[in-house]
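Only one structure is covered here, and it is reproduced in the block below.
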Amino acid sequence: MLHTAAPIDRVFIEIGPISIYWYGIIIAFGAILAIYLASKEADRLGLTKDLMLDFVMFAVPIAIIFARIYYVFFEFDQYVNGPWWKVFAIWEGGIAIHGAIIGGVLTAIVFARVRKVSFWQIADIVAPSLILGQAIGRWGNFVNQEAHGGPISQATYESFHQYLPDFIMNQMTINGVMYHPTFLYESVWNILIFVGLLLLRKYNPVRGEVFLTYAITYSIGRFFIEGLRTDSLYMFDIIRTAQFISILTIIVSIVFIIYRRKTVSERYLDAPPKNKKKNKKTNKKKKK
1 MLHTAAPIDR VFIEIGPISI YWYGIIIAFG AILAIYLASK EADRLGLTKD LMLDFVMFAV
61 PIAIIFARIY YVFFEFDQYV NGPWWKVFAI WEGGIAIHGA IIGGVLTAIV FARVRKVSFW
121 QIADIVAPSL ILGQAIGRWG NFVNQEAHGG PISQATYESF HQYLPDFIMN QMTINGVMYH
181 PTFLYESVWN ILIFVGLLLL RKYNPVRGEV FLTYAITYSI GRFFIEGLRT DSLYMFDIIR
241 TAQFISILTI IVSIVFIIYR RKTVSERYLD APPKNKKKNK KTNKKKKK
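Per full-length UniProt numbering, the sequence shown runs over residues 1 to 288.
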């Protein structure tokens with residue numbers, strides 16, 4: 001569908017020669033809110049106050065590195081002929097959320113072992129905050145006019161998209177053509193997951209199930225939304241990488257849920273081992 005509209009300026013503010021972009025502001029806001037919520041939940045569950053902050057100090061930079069490695073690996077043809085420094089030119093775009101998640105999970109596994117805490121407990125605490133951060137971060141794609149779907153037909157626009165706010169559809173108009181706002185589809189889906197995870201943890205599920213539910217539900221949404229996008233990474237020019245990873249994640253997560261329900265007794269709301277010891281000592285003193 002053809003349409004004419006002026007896009008939102010990508011620059012938030014200019015300070016001399018330095019430009020601060022909306023994309024960075026939105027991503028930073030999502031990350032700060034996610035860290036705050038995760039820290040509050042960790043404190044509520046009896047973990048040390050600084051645990052989440054210590055974890056984030058390692059997880060964020062490693063996640064960004066893995067997000068870039070993931071993108072470069074599947075788009076290697078763009079970089080094989082150089083210049084070599086383009087591999088590190090993250091400011092030109094090119095990071096992948098699946099790579100960031102892989103980096104974050106690996107960091108959490110190592111961090112949990114070093115700090116002698118449960119990886120699954122950390123993962124459960126982080127999951128709702130992570131999906132909320134992803135929901136907010138997609139609006140950075142909106143400002144950049146990226147991660148969108150294919151062109152919208154007149155019939156499709158009249159049946160649904162005409163009811164969306166004008167500023168969204170105006171921004172999804174590029175060179176006169178209106179595109180599917182897949183950033184919006186994923187953002188809304190992620191917010192629904194966030195609400196669902198908050199409800200799930202109130203039922204005190206088996207430890208690890210909140211995170212695994214996040215992995216399954218996000219992957220379901222990503223699989224279908226990815227099919228609409230025009231900027232997908234491909235594996236061997238056959239299948240969209242995000243769709244393959246989504247299917248694999250769903251299968252592995254379901255297997256883990258079944259296995260852990262049969263073998264694990266710890267629940268989401270169970271206190272950390274140190275707190276359990278303190279509670280036992282307190283109870284003994286009360287009996288005396």
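Glycine included, each C-beta is placed from N, C-alpha and C at the ideal position.
Everything numeric in this text was worked out from a predicted model, so none of it was measured.
Taking residue i as part of the beta strand (DSSP E), name the residues at either end of that continuous run.
i   : result
S19 : 18 to 21
Kindly indicate which three-state DSSP category residue i falls into: helix, strand or coil?
i    : result
F12  : strand
K286 : Here K286 scores only 43 on pLDDT, less than 50, and its place in the model should not be relied on; the value that follows carries that caveat. Three-state result, K286: helix.
I247 : helix
V177 : strand
G149 : strand
I216 : helix
T48  : coil
F58  : helix
E186 : helix
K280 : Summary for K280: the model assigns pLDDT 47, below 50, so the residue's position carries little reliability; its value from the coordinates is reported in the next sentence. K280: helix per DSSP, three-state reduction.
G221 : helix
G94  : coil
Could you name the residues that DSSP lists as bridge partners for residue i?
i    : result
I239 : M235
V206 : R267
R229 : G149
Hey, how far is the Cα of residue i from the Cα of residue j?
i    : j    : result
I254 : T213 : 9 Å
I8   : L199 : 36 Å
A155 : N141 : 25 Å
M52  : A42  : 7 Å
F183 : A147 : 6 Å
F266 : E186 : In the sequence as displayed, the identity of residue 266 is Glu instead of Phe. Each residue's alpha carbon lies about 32 Å from the other.
I245 : G16  : 43 Å
E14  : Y23  : 14 Å
I109 : F211 : 13 Å
A242 : D124 : 23 Å
G208 : H98  : 19 Å
K287 : D50  : Note on K287: pLDDT 47, under 50, position unreliable in the model; the coordinate value appears next. Looking at the two C-alpha atoms, the distance is approximately 33 Å.
R68  : V87  : 8 Å
I20  : A28  : 12 Å
L228 : T48  : 43 Å
T263 : Q121 : 16 Å
V117 : I168 : 43 Å
H180 : V56  : 34 Å
L269 : Q134 : 25 Å
I250 : F58  : 27 Å
V206 : A96  : 30 Å
S159 : D166 : 15 Å
L248 : T217 : 13 Å
A6   : R138 : 20 Å
Y259 : N81  : 46 Å
L197 : R10  : 33 Å
Just reading off the alpha helix (DSSP H) that residue i is part of, what are its end residues?
i    : result
N81  : Here N81 belongs to no alpha helix (DSSP H), and DSSP marks it neither H nor E.
I131 : 119 to 144
H98  : 97 to 115
F167 : 166 to 171
K6   : The sequence shown places Ala at residue 6, not Lys. Unbroken run through A6: none, as it is neither H nor E.
E75  : From DSSP, E75 is part of no alpha helix (DSSP H); its letter is neither H nor E.
Y163 : Run containing Y163: none; DSSP gives neither H nor E here.
Is residue i near the ligand FMN, going by C-beta to nearest heavy atom under 6 Å?
i    : result
H180 : Annotation note on the ligand FMN: not contained in the displayed structure, which lists no ligands.
Is it the case that the segment 23 to 38 contacts the segment 124 to 133, given that we only count it when at least three CB pairs across the two stretches are under 8 Å?
yes
Could you tell me whether the segment 100 to 116 touches the segment 55 to 64, where touching means 3 or more Cβ pairs closer than 8 Å?
yes
Report yes or no: do three or more beta-carbon pairs, one from the segment 68 to 79 and one from the segment 221 to 234, lie closer than 8 Å?
A contact exists between the segment 68 to 79 and the segment 221 to 234.
Quick check: the segment 218 to 225 against the segment 186 to 201, are there 3 or more CB pairs under 8 Å?
yes
Contact the segment 109 to 119 vs the segment 161 to 180: 3+ CB pairs below 8 Å
no
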